[in-house]
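First residue of the sequence shown: 681, per my numbering; consecutive thereafter.
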Amino acid sequence: MTVRKPAQTRRARAARRRAKRVAASGSDLTDAEWFAILDAWARCAYCGADGVALQRDCVLPISRGGRYTLENVVPACRSCNASKSNEEVTVWMRRRRLDEPAFLVAWYGIVAGLRTPPRASADEEAGASVIP
Ligand SMILES: [Zn+2]
């Protein structure tokens with residue numbers, strides 16, 4: 681087996697730096713968790729837009745100590761994601777006249793539901809061995 685030297689392109693170095701930063705922040709959101717979050721919301725968590733591309737948004741921004749975790753990531757449309765940026769979510773939602781109480785209720789409900797997924801069926805358990 682040969683040991684490959686890591687790619688030395690600018691993009692590869694930037695990707696490694698970003699991965700290191702995300703890892704250091706304690707982020708642990710898996711792709712499966714992200715798809716479960718997307719399924720549960722099925723729309724922008726903030727403005728309710730559906731049928732649009734949804735991006736991962738940290739409710740508590742990384743710059744304020746937030747992380748990419750099951751508890752802190754919601755789907756946001758590009759417009760909300762860009763507008764919210766590093767702002768505190770409740771301040772931002774009030775200023776945008778978005779339905780903050782409805783968001784908070786939905787968010788807590790969805791996180792609680794995702795933390796305790798229903799027992800896997802026998803079929804799913806049989807398929808578990810294919811998960812790396
Ligand atoms: Zn939105």
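Built from N, CA and C at the ideal position, the CB exists for glycine as well.
Bridge partners - residue i, DSSP secondary structure assignment
{"i": "A756", "result": "Q735"}
Three-way DSSP call (helix, strand, coil) for residue i in this model
{"i": "A699", "result": "helix"}
{"i": "N761", "result": "helix"}
{"i": "A687", "result": "coil"}
{"i": "R775", "result": "helix"}
{"i": "D708", "result": "coil"}
{"i": "G728", "result": "coil"}
Short CB-CB distance (under 8 Å) between residue i and chain C
{"i": "L718", "result": "Included in the structure is just one protein chain, with no chain C present."}
Close beta carbons around residue i, own chain, < 8 Å, minus the five adjacent residues each side
{"i": "S763", "result": "W772 and R776"}
{"i": "N761", "result": "Q735 and D737"}
{"i": "R774", "result": "E780"}
{"i": "R758", "result": "V732, A733 and Q735"}
Supposed contact pair residue j and residue i - C-beta distance, whole angstroms, cut 8 Å
{"i": "A725", "j": "L794", "result": "With a Cβ gap of about 13 Å, A725 and L794 do not count as contacting."}
{"i": "R744", "j": "E768", "result": "7 Å"}
Residues of its chain near residue i, where Cβ-Cβ distance is below 6 Å and the 5 sequence neighbours each way are ignored
{"i": "L740", "result": "G746 and N752"}
{"i": "R693", "result": "none"}
{"i": "I790", "result": "A720"}
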